[in-house]
Amino acid sequence: MDFQLTDEQTMIRDAVRQFAEAEVAPMAAEIDREHRTPLEIIPRLAEQGLLGMFVPAEYGGAALDQLSYIIAVEELARVCATTSVMVEAHNSLAVWPILAYGTDAQKEALLPAMAAGEAMGAFGLTEPGAGTDVAAMTSTARPVDDGYILNGQKVFITGGGYAKTFVVFAKTTSEGPAHRQISAFIVDRDTAGFSVGEGERKMGIRASSTPPLMFSDVYLPKDALLGREGQGFEIAMKTLDGGRIGIAAQGLGIAQGAFEASVDYANQRVQFGRPIGSLQAIQWILADMSTDIEAGRLLTDRAAWLEGNGEPHAKAAAQAKLFCGQLASRVAGQAIQVHGGNGYTEAYPVERAYRDAKITEIYEGTNEVQRLVIAKQVLTERRVGA
Ligand SMILES: Cc1cc2nc3c(=O)[nH]c(=O)nc-3n(C[C@H](O)[C@H](O)[C@H](O)COP(=O)(O)OP(=O)(O)OC[C@H]3O[C@@H](n4cnc5c(N)ncnc54)[C@H](O)[C@@H]3O)c2cc1C
1 MDFQLTDEQT MIRDAVRQFA EAEVAPMAAE IDREHRTPLE IIPRLAEQGL
51 LGMFVPAEYG GAALDQLSYI IAVEELARVC ATTSVMVEAH NSLAVWPILA
101 YGTDAQKEAL LPAMAAGEAM GAFGLTEPGA GTDVAAMTST ARPVDDGYIL
151 NGQKVFITGG GYAKTFVVFA KTTSEGPAHR QISAFIVDRD TAGFSVGEGE
201 RKMGIRASST PPLMFSDVYL PKDALLGREG QGFEIAMKTL DGGRIGIAAQ
251 GLGIAQGAFE ASVDYANQRV QFGRPIGSLQ AIQWILADMS TDIEAGRLLT
301 DRAAWLEGNG EPHAKAAAQA KLFCGQLASR VAGQAIQVHG GNGYTEAYPV
351 ERAYRDAKIT EIYEGTNEVQ RLVIAKQVLT ERRVGA
């Protein structure tokens, strides 16, 4: 067992950390306060190779391994959760399914622009009446002679405000089991009948765009279909299996940032004539925070390793996301405790971390859904671990 990062992974971590500190951290508090999506960062993310991380070099991507990707997401989340989810949703939820299920023609047509940041991607699965219960979706893509007619609505779509390439799920039939009725489509933003609503004003990741999508008699040619008819549910679930590792990394990054701020504060803040870091009560909080983060990182790295090596990873991804989502909320709360009253104000970054952390327990499957995925497997496996 090797716990060392490779030279390439170390280089990527250092490069993304430097970029995040120099160009992302300075804007993080302001874009949060203003609920403003930082579109200006997209070309810079592309230049850093962060928008085509799994994309093969022939399509203009960085062709990196899964672990490098989650290291990058963690480093971005450490300073700005919004920027990390912009990168995560694009890579995991839009680029990945096109790479995994697209035809050569679809990959050639879409991936170079996506890797270059000229066409950001988004994933349209959730509907007002179909969140956890994906198969309850009511969007339809009615087959016609030369394609499909798409009607319906999606909600909470990360990147919806600026994305160009949308992976959208809709039912192509009403026959058979509900989950087999779903197909996946690639929909361009400029398609007639497709409109994007106002973004939600959110508790955290406030600068991330999360609008509804509306489809009214949208004509899609046959080659807009991703995978086969009826394969949409499988595509969505497999996409989320990988995406969840990215959200685990996001939770870790938020926690890591809050931890570092807490260590700095504990060393600086003086009460009773000495830094509060010399108090055992504060030391124990810091010890618990660091232990949580290291445990979460092991789960996340392992899930990424399994995925990168083509091994089954649905349970490992769910475990990493469940654990890291919860630890992000826990650690961010502890960070506020270490900061006392200051932590409760916008003057310190832990207030933002506390608000940002919660979403990692909700999107790409709630904690409860992760438990369902894990439980389904452990009931048959019985033995925990290798
Ligand atoms: C900021 C943000 C960004 C998002 N980005 C995207 C995106 O890019 N694309 C996209 O398609 N969606 C996106 N979503 C949607 C997100 O994935 C859903 O909100 C999430 O899956 C939960 O669905 P829901 O909100 O409808 O909750 P519900 O499904 O209504 O769940 C409500 C509660 O009931 C629990 N519950 C439901 N069913 C069960 C069950 N069977 N067993 C146990 N508990 C259950 C849930 O765990 C939760 O606690 C985003 C959401 C947010 C808030």
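Residue numbering for the sequence shown follows UniProt numbering, beginning at 1 and increasing consecutively. Ideal Cβ positions, reconstructed from N, Cα and C, are used throughout, including at glycine. All values reported here derive from a predicted model rather than from experimental measurement.
- The three-state secondary structure of Gln377, taken from DSSP, is helix.
- Judged by DSSP in its simplified three-state form, Asp288 adopts helix.
- Distances between the C-beta of Val369 and the heavy atoms of ligand 1 include at least one below 7 Å.
- DSSP, read as helix, strand or coil, puts Gly161 in coil.
- Excluding sequence positions up to five before and after Leu5, its CB lies within less than 8 Å of the CB of Arg13, Leu67 and Ile71, all in the same chain and listed in chain order.
- Trp96 is classed as buried because its beta carbon has at least 16 other beta carbons within 10 Å across all chains shown.
- Taking C-alpha positions only, Asn309 is separated from Gln326 by approximately 27 Å.
- Around the beta-carbon of Ser174, fewer than 16 other beta-carbon atoms lie within 10 Å, marking it exposed.
- For Arg201, the CB contacts under 8 Å within the same chain, skipping 5 residues up- and downstream, are His35 in chain order.
- In the three-state DSSP reduction, Gln153 falls in the strand class (E or B).
- Check the Cα spacing between Phe185 and each of Ala136, Asp65 and Leu125: the tightest is with Leu125.
- A heavy atom of ligand 1 is found nearer than 7 Å to the CB of Gly124.
- Non-local C-beta neighbours of Gln370 in its own chain, meaning closer than 7 Å and more than five positions away in sequence, comprise Ala318, Lys321 and Leu322, ordered along the chain.
- Excluding its 5 nearest sequence neighbours in each direction, Ala25 has C-beta neighbours in its own chain below 7 Å: Val79 and Cys80, listed in chain order.
- Counting every other CB atom within 10 Å of its CB across the protein chains shown gives Leu226 a total of 16 or more, marking it as buried.
- Here Asp292 is buried. Its C-beta has 16 or more other C-beta atoms within 10 Å.
- In this structure, Gly131 has its CB closer than 7 Å to one or more heavy atoms of ligand 1.
- Cβ atoms of Ala261 and Pro349 come within 8 Å of each other, at about 5 Å.
- Judged by DSSP secondary structure, Thr140 falls within the beta strand (DSSP E) whose first and last residues are Thr140 to Val144.
- Secondary structure at Met214: strand, using DSSP grouped into helix, strand and coil.
- Distances between the C-beta of Lys202 and the heavy atoms of ligand 1 include at least one below 7 Å.
- Not one heavy atom of ligand 1 sits closer than 7 Å to the Cβ of Phe185.
- The beta carbon of Thr366 sits closer than 7 Å to at least one heavy atom of ligand 1.
- For Phe323, the enclosing alpha helix (DSSP H) begins and ends at Ala314 to His339.
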